[in-house]
Amino acid sequence: MSDPVTPLLLYGAPHSLYTGKARCYLRNQGIAYVERPTSHPDFVARIAPKLGRAIIPVIETPDGEIIQDTIDIIDHFERAGSAWPVYPETPLQRVLAIVIEYFGGQAMRKHAMHYRWSYLEQQRDFLWHAFVSGSGEAIAEKVMGRMNSYLPMLGVTDETVALIERSFETLLDTLDAHFAVMPYLLGGRPSIADYGLIAPLFAHLGRDPVPANLMKTRAPRVFRWVERMTAPGLDTVDYPDVEPAFVADDAIPPSLEPFLAYIAEDMFPELDDKLAFFDALIAEQRPDDGAPVADRPHRRQLGAVNTHYRGVPIEVGAEPYLLYVLQRAVDTVQSLDSAEARRVMDALARVGLERAVPLGRDYRVARENNIEVWRFD
Ligand SMILES: N[C@@H](CCC(=O)N[C@@H](CS)C(=O)NCC(=O)O)C(=O)O
703 MSDPVTPLLL
713 YGAPHSLYTG
723 KARCYLRNQG
733 IAYVERPTSH
743 PDFVARIAPK
753 LGRAIIPVIE
763 TPDGEIIQDT
773 IDIIDHFERA
783 GSAWPVYPET
793 PLQRVLAIVI
803 EYFGGQAMRK
813 HAMHYRWSYL
823 EQQRDFLWHA
833 FVSGSGEAIA
843 EKVMGRMNSY
853 LPMLGVTDET
863 VALIERSFET
873 LLDTLDAHFA
883 VMPYLLGGRP
893 SIADYGLIAP
903 LFAHLGRDPV
913 PANLMKTRAP
923 RVFRWVERMT
933 APGLDTVDYP
943 DVEPAFVADD
953 AIPPSLEPFL
963 AYIAEDMFPE
973 LDDKLAFFDA
983 LIAEQRPDDG
993 APVADRPHRR
1003 QLGAVNTHYR
1013 GVPIEVGAEP
1023 YLLYVLQRAV
1033 DTVQSLDSAE
1043 ARRVMDALAR
1053 VGLERAVPLG
1063 RDYRVARENN
1073 IEVWRFD
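Counted from 1, the sequence shown has number 885 at position 183 by my numbering; the numbering is strictly sequential.
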């Protein structure tokens, strides 16, 4: 008798924002996996201690490699060769996809966390069921009690909630118009941009009752894209003539431009102010090359940044992880000759996104052994 085949394991939860990003990738790419909850004895006894923190998603490969972080998980499979490679080969689309991934995974936590926790009364049973199923009653109570306290440092305050709701509606309207033209953000197959956006748009905004209802009623094509992203393979039945390719000639689809103008408006000046915070921190502290960015693995923020969201003052946490996300855009631009780099940066400037590529720094955030570290050129 042969040994049973060890499957690829995904530790995660149905209602977890970042698990959704990794799970969609595995499904779309046709990669078989078995999902385990964080209450699984292996997660508690082996995985979390090895990472130094209880965080999801985590994959464990059949040969025993443990990988946390959605970017590292996706890049692991992309390096081996995936069915539908998610990083566009052409530089403008590649940089743009990474910037949109940043917007979805980082900037949109405002929208995700606001709709999840500010409507607790209307959503309590749904959320209680989700959190108890994942981790049992005691932990569910603890986690659900704590999540509310995360809102202000993401910029969700009494003064910003109305703006966040208008912003979510604009997102729905601009994306709905785009999906009338093509099934994914950059064409006929998903890119890393789609995986970044699906993070908030599945687990929180596409699933929790209040925002999911808004999505269905206001933007049916966005809801359909959420289904598409969670389906196996490329679920493009409603676009019969589409090829599984990104749009030709490194072009930005014209139907996406209103959405790009919207994300620029939503993410600045907050991103500028966070980058300035890190510049000052590095100049002042000059950490050692290879030093972990934080003193403990679960500490994500290195300080508070005073900035504005749509004109309203907010004080938000500065997470060096954002530099890791955007570094791939910097690396892409830096690999180009100067004329090509200018073409890409000019095209980004036309949609207001050139400052999302933090060029000109001699420091970067890398990840080693599943934690973020400083690296210097
Ligand atoms: N950068 C990480 C973020 C993962 C993350 O924040 N996961 C959340 C669940 S969606 C978590 O485990 N939070 C637990 C905690 O930080 O205590 C990734 O992309 O995988």
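By construction, the Cβ of each residue, glycine as well, lies at the ideal position given by its N, Cα and C atoms.
Note that this is a predicted model, so its numbers are computed, not measured.
Proximity of residue i and residue j at Cβ, strictly below 8 Å
i, j, result
"Val1046", "Leu1038", "yes"
"Asp981", "Val1007", "no"
"Glu1074", "Val995", "yes"
"Val1059", "Thr862", "no"
"Ile900", "Met931", "yes"
"Arg848", "Phe970", "no"
"Ala905", "His742", "no"
"Ala993", "Gly1005", "no"
"Trp786", "Pro1022", "no"
"Thr1009", "Glu967", "no"
"Glu1016", "Thr876", "The sequence given here has Ile at residue 1016, not Glu. Against a cut-off of 8 Å, the Cβ pair of Thr876 and Ile1016 comes out as no contact."
"Pro955", "Val883", "yes"
Inter-residue spacing [alpha-carbon to alpha-carbon] between residue i and residue j
i, j, result
"Asp937", "Arg725", "15 Å"
"Tyr789", "Lys812", "26 Å"
"Leu712", "Glu762", "7 Å"
"Ile758", "Ile749", "10 Å"
"Ala782", "Thr708", "18 Å"
"Asp1048", "Asp777", "28 Å"
"Thr919", "Val1053", "29 Å"
"Phe870", "Gln825", "18 Å"
"Lys723", "Gly898", "7 Å"
"Arg1044", "Leu1025", "22 Å"
"Ser704", "Asp990", "Unreliable positioning characterises Ser704 in this predicted model, as indicated by a pLDDT of 45, which lies under 50. A coordinate reading is not provided."
"Tyr720", "Ala963", "25 Å"
"Pro885", "Val949", "11 Å"
Residue i beta carbon near ligand 1 (any heavy atom closer than 7 Å)
i, result
"Leu719", "yes"
"Gln1029", "no"
"Asp878", "no"
"His1000", "yes"
"Ala785", "no"
"Ala756", "yes"
"Thr792", "no"
"Gln770", "yes"
"Pro759", "yes"
"Tyr852", "no"
"Tyr789", "no"
"Tyr713", "no"
"Tyr735", "no"
"Tyr897", "no"
"Tyr1023", "yes"
"Ile773", "yes"
Cβ shell of residue i (< 7 Å), same chain only, five flanking positions each side left out
i, result
"Gln1036", "none"
"Ala814", "Leu719, Pro902, His906 and Leu907"
"Pro911", "Gln824, Gln825 and Phe828"
Cut-off 8 Å between Cβ atoms - residues of its own chain near residue i, not counting five sequence neighbours on either side
i, result
"Asp1064", "Phe1078 and Asp1079"
Close beta carbons around residue i, own chain, < 6 Å, minus the five adjacent residues each side
i, result
"Pro960", "Thr876"
Alpha helix (DSSP H) segments (min. 4 residues) lying fully within the region 732–813: 750–753, 772–782 and 793–804
Those runs of the beta strand (DSSP E) which lie wholly inside the region 819–877 and span at least 3 residues: none
Alpha helix (DSSP H) segments (min. 4 residues) lying fully within the region 993–1076: Runs found: 1023–1036 and 1040–1052.
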